[in-house]
Every structure is written in C-alpha cells, then in structure tokens.
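When the sequence shown is numbered by our numbering, its final residue is 604 and no position is left out of the sequence of numbers.
Beta carbons are placed, not taken as given, at the ideal position from N, Cα and C, and that holds for glycine.
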Amino acid sequence: MSKAVNESIEMRKFIVKQQDTGKRLDVYLNEILEEYSRSFIQQLIKKENVKVNGKNSKPNYRIRENDIIEVLIPPPENISVEPQKLDINIIYEDDYIAVINKPQGMVVHPAPGNYTGTLVNALLYHFDNLSSINGKIRPGIVHRIDKDTSGLLVIAKNDLAHHSLAKQLGDKTMFRVYWALVEKNINQDTGTINAPIARHPVDRKKMAVVYSPSSREAITHYKVLERFGDYTLVEAKLETGRTHQIRVHMAHIGHPVVGDPVYGSRKQKFNLNGQALHAIKLGLIHPSTNEYMEFTAPLPDYFKKLIKILRKN
292 MSKAVNESIE
302 MRKFIVKQQD
312 TGKRLDVYLN
322 EILEEYSRSF
332 IQQLIKKENV
342 KVNGKNSKPN
352 YRIRENDIIE
362 VLIPPPENIS
372 VEPQKLDINI
382 IYEDDYIAVI
392 NKPQGMVVHP
402 APGNYTGTLV
412 NALLYHFDNL
422 SSINGKIRPG
432 IVHRIDKDTS
442 GLLVIAKNDL
452 AHHSLAKQLG
462 DKTMFRVYWA
472 LVEKNINQDT
482 GTINAPIARH
492 PVDRKKMAVV
502 YSPSSREAIT
512 HYKVLERFGD
522 YTLVEAKLET
532 GRTHQIRVHM
542 AHIGHPVVGD
552 PVYGSRKQKF
562 NLNGQALHAI
572 KLGLIHPSTN
582 EYMEFTAPLP
592 DYFKKLIKIL
602 RKN
C-alpha cells in the first residue's frame, strides 16, 4: 500500500512474503517498484529513505518474511518538455485519437538525460490537445514501442480516449501485430510462447523469462511468413504487452530478432541500427464511435532491402 506524506513526497509500504525471503533489499524493491532503476533504489537506501522494520538498512540486506519495508520517494525533477518540429508519419487523426508510424531510432517519451528528439516532443508540436493521464512527460502516450522498433502507435488526444484505449489494452482486445526477422530456421509453421517476463535477475537493464511471483504473464502468438535458410520472417501477435516481449520471447525459444543489440546474437551479419522488428498492424475500437478500426504501416526501407537480400541468397 502507499500514502502521501506531503504533496510532493510519496511513501510506499510493503510486507515481505515468504517466497521473497532471502532476496537482497535493493533487488526486491526493484522488482516491486519496476518503474525505477536499481541504481535509483540503491540511492534511496543510502540516503536513508528506506526503512526495514523502522530502521535504516543496506542495499545487500537479505529480507525476511513479514519484514515491513517503508520507502520514501522524493518528488520528480521539475522538468519541461518542449515542442519540437520533428517529422512524424501521421497515419490517421481525428478529435480523439491519432495513429503514428514511428521510425526506427526514435524514443517514444522523455526520460532522465533524454528530454529532446522524442515522439512526445513531436506530438506537442503537431497537436494542440493530448491526454493528461500520464503527466507532462508522457502526454497522449497509451502504449510504447522500443526505440529501435518501428511501426504503429495510437495516441490519445483527450482523457476519455485514453481511458478507453487503456481499457482495451488491459482487456487484451487491442489488435497488435508485428513482423520480425529472426535467427535460424523455425521448423513449425505456427506457435504460442506462454512464458512470464520480469527483470533479469542479474542484468537489471534487461528483461527475461523468469518464473517467480514477481513475473507478469506474457503471451505471444507467431506464424512463419517466409524462410531464408538461416533466417525466418515471422508475424507475431501480442496477447499481452510486456517490456521487450517479442524480443525476449523469440530469444527464449532460440530465435532472437536479427540486429537486436540486447537479446540478439553477438555476431551480426547485417549492419543494422537495431532489431528488425516492425509494428505492422494495429486494430482498436474507436473511443467515441465504438467502430472497429484497423491500420497498417508498410515495412521501412531497411527491412525491405534486408528481405530482398535474403531472397537473392
């Protein structure tokens, strides 16, 4: 549970369960407070913003069942995100939503150390109205795709639209399809990967398939579109939307996405700027008309060229 200490400081309180006994304090908090980095949490502990059973502790403290952990989270930085005249491909727009074909290499929203050149900076320039639910840093943002993943995103222009779209995501009724080029030949034509995802137990910058109470359900359905010997073009449909889900799932079954700098093969044959992963289709119920709408974004040029090379070989 949590409660406000004052208008700017938030207190979070947790009681350790039996299955978490023996975990480091910083690891446990990083799993529970997944929106914060491990280094941020370690700083909170060192600055005595974390109490275990009413006493200060250390990051490497091994927690015990029924330990009471209280965390004081300081107010966020007072930052301003400015509109920027950046070219974006607007597939569709009305008074409620906008559908964007995000290019590879563009970050969706600002984060510490990266407050310019993002999709949000561009949205603030192109649109007069955006939903306010996710605050000043993420206006209009309902869901994300990775920096080096290209393709379709829906943007909420007002809070009514945001609530509707967020509910569709939560209810798993939003239709999201990706194309991915993966390593090696996938023998079966279709398959489903049902494997929970959480922070990597060692490398906290990565996600991984982890079977633990802190993991979140993750389901990906895939279908082979074309085979190229050592590579396979697949269509992946998301049933859930976890961080790096397709990249983690494909690597988990031994077929990492080509060009993936985090989960991919160490030796990459092609000189790519990121993973060959594109959000190609998006289907949703319009927040105002209740009409089903479906959008398609063509593959980016680099992806088309890559497929052409593989077909020749």
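V318 versus R602: straight-line alpha-carbon distance, rounded: V318 and R602: Cα-Cα distance of roughly 46 Å.
Alpha-carbon spacing of H453 relative to Q333, whole angstroms: 34 Å
Any 3 or more C-beta pairs closer than 8 Å across the region 477-497 and the region 406-421: no
Rounded Cβ spacing between P591 and Q395 (contact assumed at less than 8 Å): 6 Å
Inter-stretch contact (C-beta, 8 Å, three-pair minimum) for the region 437-455 and the region 517-524: no
Whether L568 touches F586 by CB criterion (8 Å): no
Three-state class that DSSP yields for A489 in the structure shown: strand
Exposed unless 16 or more other CB atoms sit within 10 angstroms - verdict on G545: exposed
Contact set for G564: own chain, Cβ-Cβ below 8 Å, skip 5 residues either direction: Checking the displayed sequence, the identity of residue 564 turns out to be Asn instead of Gly. For N564, where only same-chain residues beyond five positions count, the Cβ hits under 8 Å are Q395, G396, D439, G550 and Y593.
Per DSSP, cross-strand counterpart(s) of A447: I388
Element boundaries [beta strand (DSSP E), containing L421]: Element bounds for L421: n/a, residue is neither H nor E.
Cβ-based burial, Y416 [other Cβ within 10 Å; buried from 16]: Counting Cβ neighbours within 10 Å, Y416 comes out exposed, since fewer than 16 surround it.
CA-to-CA distance, I359 to V343, given in whole angstroms: 6 Å
Buried or exposed (CB count within 10 angstroms, at least 16 for buried), V493: exposed
Assigned exposure category for E373 - 16 Cβ within 10 Å defines buried: exposed
Per-residue burial, N357 [other beta carbons within 10 Å of its own, 16 or more giving buried]: Residue environment: N357 is assigned as exposed (fewer than 16 neighbouring CB atoms within 10 Å of its CB, all protein chains considered).
When L597, M498, P504 and I488 are compared against I510, the one with the closest alpha-carbon: I488
Where the beta strand (DSSP E) containing K304 begins and where it ends: Its beta strand (DSSP E) spans residues E301 to I306.
Own chain residues within Cβ distance below 8 Å of L460, not counting five before or after: V433, H434 and G532
Residues near L597 in its chain [Cβ-Cβ closer than 7 Å; skip 5 each side]: L472, F561 and A567
CB-CB length for N351 against L377, believed under 8 Å: N351 to L377, Cβ: 44 Å. No contact.
Inter-residue Cα distance where the pair is T523 and K475: 6 Å
Opposing strand residues paired with N405 [DSSP bridges]: Note: N405 sits in a beta bridge opposite A402.
R533 - DSSP class collapsed to helix/strand/coil: coil
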